[in-house]
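In what follows, a single structure is set out as structure tokens and then discussed.
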Amino acid sequence: MLNSKSDSAVTERTIITMKSLCKFYEMGDQTVKALDSINLDFRLNDYTAIMGPSGSGKSTLMNILGCLDTPTSGTYELNGQNVAAMDDDELAQIRNKEIGFVFQTFNLLPRLNCLRNVELPLIYAGVAPEEREERAAEALVKVGLGDRIRHKPAELSGGQIQRVAIARALINKPSIILADEPTGNLDTATSHDIMNIFGALSDAGNTIILITHEEDIAHYTRRIIRLRDGKIESDERQ
Amino acid sequence: MNLFSQRFRYETTESLKMALFQIKANKVRSFLTALGVIIGIVAITMMGTAINGIDRGFDKSLAMLGYDVVYVQKSSWSTMGQWWRYRNRPDIKTEYAGQINRIISNNPRSELVLAVAQRSTYQASAQYRDRNLDQVFALGTSHEYLQTASGELTAGRFFTGGEFSGNNMICVIGDDIASGLFPDEPALGKEVKLKNRKFRVIGVFKKQGKFLGLFSFDNQIIVPLGAFERVYGKDMFTSIRVKFKDQTHIEEAKAELTGIMRQLRKIPPDEDDDFSVNEQRAFKSQLDPIKNGIALAGIFITGMSLFVGAIGIMNITFVSVKERTREIGLRKALGARRQTILLQFLIESVMICLIGGITGLAITLLFTFAIARLVPSFPIQVSFDLIVASLTVSVITGIVSGLAPAVTASKLDPADSLRYE
Chain X
1 MLNSKSDSAV
11 TERTIITMKS
21 LCKFYEMGDQ
31 TVKALDSINL
41 DFRLNDYTAI
51 MGPSGSGKST
61 LMNILGCLDT
71 PTSGTYELNG
81 QNVAAMDDDE
91 LAQIRNKEIG
101 FVFQTFNLLP
111 RLNCLRNVEL
121 PLIYAGVAPE
131 EREERAAEAL
141 VKVGLGDRIR
151 HKPAELSGGQ
161 IQRVAIARAL
171 INKPSIILAD
181 EPTGNLDTAT
191 SHDIMNIFGA
201 LSDAGNTIIL
211 ITHEEDIAHY
221 TRRIIRLRDG
231 KIESDERQ
Chain W
239 MNLFSQRFRY
249 ETTESLKMAL
259 FQIKANKVRS
269 FLTALGVIIG
279 IVAITMMGTA
289 INGIDRGFDK
299 SLAMLGYDVV
309 YVQKSSWSTM
319 GQWWRYRNRP
329 DIKTEYAGQI
339 NRIISNNPRS
349 ELVLAVAQRS
359 TYQASAQYRD
369 RNLDQVFALG
379 TSHEYLQTAS
389 GELTAGRFFT
399 GGEFSGNNMI
409 CVIGDDIASG
419 LFPDEPALGK
429 EVKLKNRKFR
439 VIGVFKKQGK
449 FLGLFSFDNQ
459 IIVPLGAFER
469 VYGKDMFTSI
479 RVKFKDQTHI
489 EEAKAELTGI
499 MRQLRKIPPD
509 EDDDFSVNEQ
519 RAFKSQLDPI
529 KNGIALAGIF
539 ITGMSLFVGA
549 IGIMNITFVS
559 VKERTREIGL
569 RKALGARRQT
579 ILLQFLIESV
589 MICLIGGITG
599 LAITLLFTFA
609 IARLVPSFPI
619 QVSFDLIVAS
629 LTVSVITGIV
639 SGLAPAVTAS
649 KLDPADSLRY
659 E
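Chain order of the listed sequences is X and W.
The opening position of the first sequence corresponds to residue 1 in the working numbering, with each subsequent residue numbered one higher.
The opening position of the second sequence corresponds to residue 239 in the working numbering, with each subsequent residue numbered one higher.
In structure tokens, the structure reads:
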């Protein structure tokens, strides 16, 4: 209902494959192993939470999954494309087409109204203005904000803002939705609302990856991956 | 339309909107930033306007002298101020005019048309009743003078050949003389006194304006040559005005005239000329260094202010990049490529410069109109080229000053930028 990927949900196609993926940072004369030989698969319609204490590497993993960063070594295949070997502009294109981001701090542009915020990815995809507006309005209706499309973020509540951000993440029909602590700045009731939206998105066939450190949030998902010291500590499907 | 150009168009539209928004949202800051460019463009356009004006004023003045007239004189115009070089030359005789005319008429292929002699003084005084004008330019010449000079009559007529040979005591006066001596009455028929000799006014010239803002043809009294000599004697400054056929054949005309003069003076081939053939271009070549000096100083000042302006814009664009780090990160996360971000900040700095440039132009235009209103004789001229040039300079300043910050922005790491507080 919330997205159109549902028709292909029956096939459990693997859309992300990571093999011996490493990310090292040089800190002075020390090498920090933020991710150390990670092997991971995500299948279509997976609904996953990535958990771990701070410093466990979950942010680094999120950045690499979101093509915001590239691994030091290893392979990362997204929809059959080797992302690890791409340059900046190719990565930008992948982010635009394949990934929908939802951030803890929402990251809406305050001077743009909801509609303009939601249509941003479509500008970078080269979609014509009329179609952009139409699709953005449609996406806002889907997250329950059909009556707020001309409002600016400052005129909305935290939960509403996050729903705008979710609409923006959905607008370009991405392969995965990547949510980094999406309820981190929200109260319990609103968090529950937002998680229900993710649940519905998952039911509609979307592939969702959540980063969180809250157990109760993680339990909305069907798979929990725990990281510690750059390694996978556990990977459980429920 | 292919995806690439379509995307480029939409991204550019978005960047333009964003730039306008940024400028509107930070009005004071944008104004202060643009100030350097405003000052620079005002300097550029003012300088250009002044040079244009000087040029135009000069051309207007030269047109008064006549483009198709050269002057045979004792000294050269192009080396004015070196009178000692010409001191020992023999005086120019008024008889040369008739002799030159005879030689011309015997040569059907001559480039020359007519020679007219004149004697003149800048130190004449003209009186009418109790009114007195000093520093009047008195000129004695023939009835053919008008064929070699510009100037129309608003009243009366020029003197005739009969009046010329009869040395009649009559005069044709410039507009300033007419209004100076006869402010409330028509000048025609009145008698003007030059050194206590009475000259009857038979014609008044139309106002011509000043030559180079110094000498004015409106300040002249033209009388028959014989009458002039009766008043001022034969020692006054003498020239032969020679009109030639074709402005483009000035060199040939000068060469022919030089040959005739050498023949008249019987100068042996191995000796230098003891006269000069002057043309209005000589003035122009004297003016060029002044004009270049103004231009050079102007370019320097303009360059400095634009440079300072550019640094200001660069600085503020760097601040803007810093302030909007998260926005840059977000845009990149949503699919903006490097060039998209680069373009966005470039457009912003170019827009500030362009607004500054247009403001500067407007200020200059206002100044120009004000000056033209208050001091109509001041030569001033705004040209289309100047407008194009200053807008081009604004855009280039915008690109130059915005490039470094824009490149910095485009290279920002998206993951770090998103986390930037």
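Where is the CB? At the ideal position from N, CA and C, for every residue including glycine.
| task | Measure the Cβ-Cβ separation of W:Ile-661 and W:Thr-283 and say whether it is below 9 Å. | result | The structure shown does not extend to residue 661 of chain W, since chain W spans only 239 to 659, so no value can be given for it.
| said: Which of the three DSSP states is assigned to W:Leu-592 in this structure? | reply: One-based indexing of the second sequence puts residue 592 of chain W at position 354. Here DSSP, grouped into helix, strand and coil, assigns W:Leu-592 to helix.
| In chain X, what lies closer than 7 Å to W:Phe-259 by C-beta? | The residue given as residue 259 of chain W occupies position 21 in the second sequence. What W:Phe-259 touches in chain X: Arg-111.
| Could you give the distance in angstroms between the alpha-carbon of W:Phe-246 and the alpha-carbon of W:Leu-572? | Working through the second sequence from its first residue, we reach residue 246 of chain W at position 8. Working through the second sequence from its first residue, we reach residue 572 of chain W at position 334. About 16 Å.
| message | Counting only C-beta atoms, is W:Asp-651 closer than 9 Å to chain X at any point? | response | Walking along the second sequence from the start, residue 651 of chain W turns up at place 413. The beta-carbon of W:Asp-651 is placed less than 9 Å from the nearest beta-carbon of chain X.
| Listed in chain order, which residues of the region 200-213 of chain X have Cβ atoms closer than 9 Å to some Cβ of chain W? | Per Cβ criterion, the list is empty.
| field | Residue span of the beta strand (DSSP E) that contains X:Glu-26, given as start and end | value | On the first sequence, position 26 is the one that residue 26 of chain X refers to. First-last of the beta strand (DSSP E) with X:Glu-26: 14-27.
| said: Give me the DSSP bridge partner(s) of X:Arg-228. | reply: On the first sequence, position 228 is the one that residue 228 of chain X refers to. Beta-bridge partners assigned by DSSP to X:Arg-228: X:Lys-231.
| task | Could you pull out every residue in the same chain whose Cβ sits closer than 6 Å to the Cβ of X:Ile-149, ignoring the five residues on either side in sequence? | result | Sequence index remark: in the first sequence, residue 149 of chain X carries index 149 (1-based). Excluding sequence neighbours, X:Ile-149 sits near Cys-114, Leu-115, Ala-137, Leu-140.
| query | Does DSSP put W:Val-351 in a helix, a strand or coil? | reply | Residue 351 of chain W sits at position 113 when you count from the first residue of the second sequence. Of the three classes helix, strand and coil, the one that applies to W:Val-351 here is strand, per DSSP.
| task | May I ask you to list the residues that DSSP assigns as paired with W:Gln-365? | result | Numbered from 1 along the second sequence, position 127 holds the residue referred to as residue 365 of chain W. According to DSSP, which records beta bridges pairwise, W:Gln-365 is partnered with W:Asn-370, W:Lys-431.
| request: Run down chain X in chain order and give the residues with a C-beta less than 9 Å from the C-beta of W:Gln-244. | output: Numbered from 1 along the second sequence, position 6 holds the residue referred to as residue 244 of chain W. Within chain X, the residues Gly-126, Val-127, Ala-128 have their CB atoms less than 9 Å from the CB of W:Gln-244, given in chain order.
| request: State the start and end residues of the unbroken alpha helix (DSSP H) segment that holds W:Phe-242. | output: Working through the second sequence from its first residue, we reach residue 242 of chain W at position 4. DSSP places W:Phe-242 in the uninterrupted alpha helix (DSSP H) bounded by 241-263.
| query | Would you report the Cα separation of W:Ala-416 and W:Asp-473, rounded to the nearest angstrom? | reply | Walking along the second sequence from the start, residue 416 of chain W turns up at place 178. Walking along the second sequence from the start, residue 473 of chain W turns up at place 235. The alpha-carbon atoms of W:Ala-416 and W:Asp-473 are separated by roughly 27 Å.
| Helix, strand or coil at X:Glu-181 [DSSP, three-state] | Position 181 of the first sequence, counted from the start, is the residue given in the question as residue 181 of chain X. In the structure shown, X:Glu-181 sits in coil (DSSP, three-state: anything other than H, G, I, E or B).
| query | Per DSSP, what kind of secondary structure is X:Arg-150 in: helix, strand or coil? | reply | Translated into the one-based positions of the first sequence, residue 150 of chain X becomes position 150. The three-state secondary structure of X:Arg-150, taken from DSSP, is coil.
| So is X:Ala-128 buried or exposed if we call it buried at 16+ other beta carbons inside 10 Å? | For the purposes of this step, residue 128 of chain X is taken as the residue at position 128 of the first sequence. X:Ala-128 should be labelled exposed.
| query | Could you give the C-beta distance for X:Lys-97 and X:Asn-172, rounded to a whole number, given that I count them as a contact under 8 Å? | reply | Residue 97 of chain X sits at position 97 when you count from the first residue of the first sequence. Residue 172 of chain X sits at position 172 when you count from the first residue of the first sequence. 6 Å between Cβ atoms; contact.
| field | Three or more C-beta pairs below 8 Å linking the region 71-81 of chain X and the region 540-556 of chain W | value | No, the region 71-81 of chain X is not in contact with the region 540-556 of chain W.
| message | If contact is defined by three or more beta carbon pairs under 8 Å, each pair taking one atom from either stretch, is the region 386-396 of chain W in contact with the region 418-437 of chain W? | response | By the criterion of at least three beta-carbon pairs nearer than 8 Å, the region 418-437 of chain W is in contact with the region 386-396 of chain W.
| task | Could you tell me whether the Cβ of X:Gly-158 comes closer than 9 Å to any Cβ of chain W? | result | Translated into the one-based positions of the first sequence, residue 158 of chain X becomes position 158. For X:Gly-158, the answer is no, since every Cβ of chain W falls outside 9 Å of its Cβ.
| Should X:Met-27 go down as buried or exposed, given a rule of 16 or more other Cβ atoms within 10 Å for buried? | Sequence index remark: in the first sequence, residue 27 of chain X carries index 27 (1-based). Classification for X:Met-27: exposed.
| X:Leu-122: which of X:Leu-44, X:Arg-226, X:Gln-93 sits nearest, CA to CA? | Counting from 1 along the first sequence, the entry for residue 122 of chain X is found at position 122. Among X:Leu-44, X:Arg-226, X:Gln-93, the Cα nearest to that of X:Leu-122 belongs to X:Gln-93.
| request: In angstroms with no decimal places, state the Cα-to-Cα distance between X:Asn-3 and X:Gly-80. | output: What you label residue 3 of chain X is simply residue 3 of the first sequence in a count that begins at 1. What you label residue 80 of chain X is simply residue 80 of the first sequence in a count that begins at 1. Note that X:Asn-3 scores 48 on pLDDT, short of 50, meaning its location in the model is unreliable; the coordinates nonetheless yield the value given after this. So the two alpha carbons sit approximately 22 Å from each other.
| Per the contact definition of three or more C-beta pairs closer than 8 Å, is the region 293-307 of chain W in contact with the region 468-486 of chain W? | Counting C-beta pairs with one atom in each stretch, the region 468-486 of chain W and the region 293-307 of chain W have three or more that are closer than 8 Å, which means they touch.
| task | Note the first and the last residue of the continuous beta strand (DSSP E) segment covering X:Val-32. | result | In the first sequence, residue 32 of chain X corresponds to position 32, counting from 1. Run containing X:Val-32: 30-43, per the beta strand (DSSP E) assignment.
| message | Does the CB of W:Ala-571 have a neighbour CB from chain X at under 9 Å? | response | Counted from its first residue, the second sequence places residue 571 of chain W at position 333. So yes, W:Ala-571 belongs to the interface.
| field | Spatial neighbours of W:Thr-578 in its chain, beta-carbon cut-off 6 Å, leaving aside the 5 residues before and after | value | For this step, residue 578 of chain W is matched to residue 340 along the second sequence. Leaving aside the five residues that flank W:Thr-578 on each side, the residues in its chain whose CB is nearer than 6 Å to its CB run, in chain order, Glu-249.
| message | For chain X, check one thing: does any of its Cβ atoms lie closer than 9 Å to the Cβ of W:Ala-263? | response | For the purposes of this step, residue 263 of chain W is taken as residue 25 along the second sequence, with counting starting at 1. W:Ala-263 counts as touching chain X.
| How long is the line joining the alpha carbons of W:Glu-252 and W:Leu-656, rounded to whole angstroms? | By 1-based counting over the second sequence, the position of residue 252 of chain W is 14. By 1-based counting over the second sequence, the position of residue 656 of chain W is 418. One alpha carbon belongs to W:Glu-252, the other to W:Leu-656, and they sit about 21 Å apart.
| Which residues, in order along the region 577-588 of chain W, keep a beta-carbon less than 9 Å from a beta-carbon of chain X? | Residues of the region 577-588 of chain W with a C-beta less than 9 Å from any C-beta of chain X: Gln-577, Thr-578, listed in chain order.
| query | W:Pro-527: buried (16+ other C-beta within 10 angstroms of its C-beta) or exposed? | reply | Along the second sequence, read from residue 1 onward, the residue named residue 527 of chain W stands at position 289. Its Cβ having fewer than 16 others within 10 Å, W:Pro-527 is exposed.
| With a cut-off of 9 Å, does the C-beta of W:Val-568 fall near any C-beta of chain X? | Here residue 568 of chain W refers to the residue found at position 330 when the second sequence is read from its first residue. Contrary to the premise, residue 568 of chain W reads as Leu rather than Val in this sequence. Yes, W:Leu-568 lies at the interface with chain X (some Cβ there is under 9 Å from its Cβ).
| message | On the DSSP letters alone, give me the boundaries of the beta strand (DSSP E) that X:Pro-129 sits inside. | response | Working through the first sequence from its first residue, we reach residue 129 of chain X at position 129. Not the beta strand (DSSP E): X:Pro-129 falls in the alpha helix (DSSP H), residues 129-142.
| Comparing alpha-carbon positions, which option in X:Gly-126, X:Val-83, X:Pro-71, X:Leu-65 lies nearest W:Ser-243? | Here residue 243 of chain W refers to the residue found at position 5 when the second sequence is read from its first residue. Nearest of X:Gly-126, X:Val-83, X:Pro-71, X:Leu-65 to W:Ser-243, Cα basis: X:Gly-126.
| Inter-residue spacing [alpha-carbon to alpha-carbon] between W:Leu-463 and W:Ala-376 | Position 225 of the second sequence, counted from the start, is the residue given in the question as residue 463 of chain W. Position 138 of the second sequence, counted from the start, is the residue given in the question as residue 376 of chain W. Annotation: W:Leu-463 to W:Ala-376 spans about 11 Å, alpha carbon to alpha carbon.
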